[in-house]
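Asks:
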Amino acid sequence: MAGMVCYQPGRRSRMFYAVREYRGRLGQPKGFGWRDLRDLVVRARIQLGGPIVLVWDNVRLHLTAGMREFIAANVAWLTVFQLPAYAPDLNPQEGIWSLVKRDLGNLAAADLAQITRAVKRRLKQIQYRPDLVDGCLAGTGLTMGG
1235 MAGMVCYQPG
1245 RRSRMFYAVR
1255 EYRGRLGQPK
1265 GFGWRDLRDL
1275 VVRARIQLGG
1285 PIVLVWDNVR
1295 LHLTAGMREF
1305 IAANVAWLTV
1315 FQLPAYAPDL
1325 NPQEGIWSLV
1335 KRDLGNLAAA
1345 DLAQITRAVK
1355 RRLKQIQYRP
1365 DLVDGCLAGT
1375 GLTMGG
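Under our numbering, think of the first position of the sequence shown as 1235, with each following residue one higher.
1) Is the beta carbon of residue 1251 closer than 8 Å to that of residue 1237?
2) How is residue 1339 classed by DSSP in three states: helix, strand or coil?
3) Per DSSP, residue 1248 forms a beta bridge with which residues?
4) Ordered along the chain, which non-local residues of its own chain (more than five positions away) have a Cβ less than 6 Å from that of residue 1287?
5) Give the secondary structure of residue 1275 by DSSP, where H, G and I count as helix, E and B as strand, and everything else as coil.
6) Could you tell me whether the stretch 1299-1306 touches the stretch 1264-1279, where touching means 3 or more Cβ pairs closer than 8 Å?
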(Lines of atoms letter the chains of each structure in order from A and count residues from 1; the text may use other names and numbers.)
(Lines give C-alpha, C1' and ligand atoms only; values in the text may rest on other atoms or scores of the structure.)
Protein backbone atom coordinates (compact mmCIF):
# COMPACT_ATOMS: atom_id res chain seq x y z
CA MET A 1 0.00 0.00 0.00
CA ALA A 2 0.99 3.55 -0.58
CA GLY A 3 -1.00 6.58 0.43
CA MET A 4 -0.98 10.29 0.92
CA VAL A 5 -3.19 12.62 2.87
CA CYS A 6 -3.74 16.09 1.49
CA TYR A 7 -4.61 19.20 3.44
CA GLN A 8 -5.43 22.62 2.05
CA PRO A 9 -6.72 25.52 4.17
CA GLY A 10 -10.40 26.15 3.53
CA ARG A 11 -10.96 22.86 1.66
CA ARG A 12 -11.88 19.37 2.77
CA SER A 13 -9.03 16.98 3.49
CA ARG A 14 -8.34 14.30 0.92
CA MET A 15 -6.61 10.95 0.80
CA PHE A 16 -5.14 9.11 -2.17
CA TYR A 17 -3.93 5.53 -2.11
CA ALA A 18 -2.85 2.59 -4.20
CA VAL A 19 -2.88 -1.08 -3.19
CA ARG A 20 -0.83 -3.78 -4.89
CA GLU A 21 -1.38 -7.48 -4.37
CA TYR A 22 1.74 -9.64 -4.73
CA ARG A 23 0.86 -13.10 -6.00
CA GLY A 24 4.38 -14.46 -6.53
CA ARG A 25 4.15 -14.51 -10.31
CA LEU A 26 7.38 -14.55 -12.26
CA GLY A 27 8.48 -11.00 -13.01
CA GLN A 28 5.80 -9.43 -10.83
CA PRO A 29 7.18 -6.71 -8.57
CA LYS A 30 6.92 -7.57 -4.88
CA GLY A 31 6.05 -4.06 -3.86
CA PHE A 32 5.81 -0.50 -4.99
CA GLY A 33 8.52 0.99 -7.13
CA TRP A 34 9.34 4.65 -7.48
CA ARG A 35 7.23 4.83 -10.67
CA ASP A 36 4.17 3.70 -8.71
CA LEU A 37 4.83 6.42 -6.16
CA ARG A 38 5.37 8.96 -8.93
CA ASP A 39 2.02 7.96 -10.47
CA LEU A 40 0.28 8.43 -7.11
CA VAL A 41 1.74 11.94 -6.74
CA VAL A 42 0.75 12.83 -10.32
CA ARG A 43 -2.78 11.51 -9.76
CA ALA A 44 -3.08 13.63 -6.62
CA ARG A 45 -1.89 16.71 -8.50
CA ILE A 46 -4.43 16.18 -11.28
CA GLN A 47 -7.31 15.65 -8.85
CA LEU A 48 -6.29 18.51 -6.57
CA GLY A 49 -5.70 20.83 -9.51
CA GLY A 50 -2.63 22.63 -8.27
CA PRO A 51 0.87 22.51 -6.90
CA ILE A 52 1.81 20.06 -4.16
CA VAL A 53 3.99 20.48 -1.11
CA LEU A 54 4.93 16.93 -0.17
CA VAL A 55 6.12 16.14 3.34
CA TRP A 56 7.27 12.58 3.67
CA ASP A 57 9.33 10.19 5.69
CA ASN A 58 12.63 8.58 4.76
CA VAL A 59 11.30 5.35 3.32
CA ARG A 60 13.92 3.96 0.95
CA LEU A 61 11.54 4.32 -2.00
CA HIS A 62 11.29 8.08 -1.41
CA LEU A 63 15.06 8.43 -1.73
CA THR A 64 15.68 6.52 -4.98
CA ALA A 65 17.48 8.13 -7.91
CA GLY A 66 14.36 7.88 -10.08
CA MET A 67 12.23 9.67 -7.50
CA ARG A 68 14.88 12.37 -6.97
CA GLU A 69 15.02 12.93 -10.75
CA PHE A 70 11.22 13.13 -10.95
CA ILE A 71 11.16 15.73 -8.16
CA ALA A 72 13.93 17.77 -9.79
CA ALA A 73 12.11 17.71 -13.13
CA ASN A 74 8.86 18.97 -11.58
CA VAL A 75 9.93 21.78 -9.26
CA ALA A 76 7.36 24.06 -10.92
CA TRP A 77 4.55 22.23 -9.08
CA LEU A 78 6.22 19.87 -6.58
CA THR A 79 8.08 20.86 -3.42
CA VAL A 80 9.33 18.11 -1.11
CA PHE A 81 10.32 18.26 2.55
CA GLN A 82 11.77 15.26 4.38
CA LEU A 83 10.66 14.41 7.89
CA PRO A 84 13.42 13.51 10.36
CA ALA A 85 14.91 10.02 9.99
CA TYR A 86 12.43 8.30 12.29
CA ALA A 87 9.34 10.36 13.00
CA PRO A 88 6.15 8.32 12.47
CA ASP A 89 4.46 10.50 15.10
CA LEU A 90 4.73 13.45 12.66
CA ASN A 91 3.26 11.56 9.70
CA PRO A 92 -0.55 11.79 9.41
CA GLN A 93 -0.56 8.85 6.98
CA GLU A 94 0.46 6.63 9.90
CA GLY A 95 -2.91 7.44 11.46
CA ILE A 96 -4.65 6.23 8.31
CA TRP A 97 -2.76 2.92 8.43
CA SER A 98 -3.70 2.59 12.09
CA LEU A 99 -7.40 3.02 11.25
CA VAL A 100 -7.15 0.38 8.53
CA LYS A 101 -5.29 -2.10 10.75
CA ARG A 102 -7.78 -1.63 13.58
CA ASP A 103 -10.60 -2.80 11.31
CA LEU A 104 -8.62 -5.78 10.06
CA GLY A 105 -7.64 -7.01 13.51
CA ASN A 106 -10.42 -9.58 13.72
CA LEU A 107 -10.64 -10.49 10.04
CA ALA A 108 -10.31 -14.23 9.47
CA ALA A 109 -9.49 -14.05 5.76
CA ALA A 110 -9.63 -17.10 3.53
CA ASP A 111 -7.08 -15.67 1.11
CA LEU A 112 -5.08 -12.63 0.08
CA ALA A 113 -7.86 -11.36 -2.18
CA GLN A 114 -10.22 -11.13 0.81
CA ILE A 115 -7.66 -9.11 2.77
CA THR A 116 -7.11 -6.82 -0.21
CA ARG A 117 -10.85 -6.23 -0.60
CA ALA A 118 -11.18 -5.44 3.11
CA VAL A 119 -8.26 -2.99 2.99
CA LYS A 120 -9.62 -1.24 -0.11
CA ARG A 121 -13.12 -1.06 1.40
CA ARG A 122 -11.77 0.55 4.58
CA LEU A 123 -9.58 3.00 2.66
CA LYS A 124 -12.56 4.03 0.52
CA GLN A 125 -14.64 4.57 3.69
CA ILE A 126 -11.89 6.79 5.10
CA GLN A 127 -11.72 8.76 1.84
CA TYR A 128 -15.33 9.80 2.34
CA ARG A 129 -14.71 10.88 5.93
CA PRO A 130 -12.58 14.04 5.84
CA ASP A 131 -13.06 14.28 9.62
CA LEU A 132 -11.02 11.07 10.00
CA VAL A 133 -8.31 12.44 7.70
CA ASP A 134 -8.32 15.69 9.73
CA GLY A 135 -8.03 13.65 12.92
CA CYS A 136 -4.87 12.01 11.59
CA LEU A 137 -3.28 15.45 11.17
CA ALA A 138 -4.47 16.50 14.63
CA GLY A 139 -2.93 13.31 16.04
CA THR A 140 0.51 14.52 14.95
CA GLY A 141 0.19 17.80 16.84
CA LEU A 142 0.85 19.65 13.57
CA THR A 143 -1.52 22.29 12.24
CA MET A 144 -2.31 23.90 8.92
CA GLY A 145 -1.17 27.46 8.38
CA GLY A 146 -3.51 29.41 6.32
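We put the beta carbon where it would ideally sit given N, CA and C, even for glycine.
Nothing here was measured: the structure is a model prediction, and the numbers come from that model.
Replies: According to the data block:
1) By one-based count along the sequence shown, residue 1237 stands at place 3. By one-based count along the sequence shown, residue 1251 stands at place 17. The answer is yes: Cβ separation under 8 Å.
2) Against the sequence shown, residue 1339 aligns to sequence position 105. Correct three-state label for residue 1339: coil.
3) Reading the sequence shown from its first residue, position 14 is the one you call residue 1248. BP columns for residue 1248 point to 1240.
4) The sequence position of residue 1287 within the sequence shown is 53, counting from 1. Within the same chain, residue 1287 has close Cβ partners 1313.
5) Here residue 1275 is taken as the residue at index 41 of the sequence shown, counted from 1. Helix, per DSSP.
6) yes
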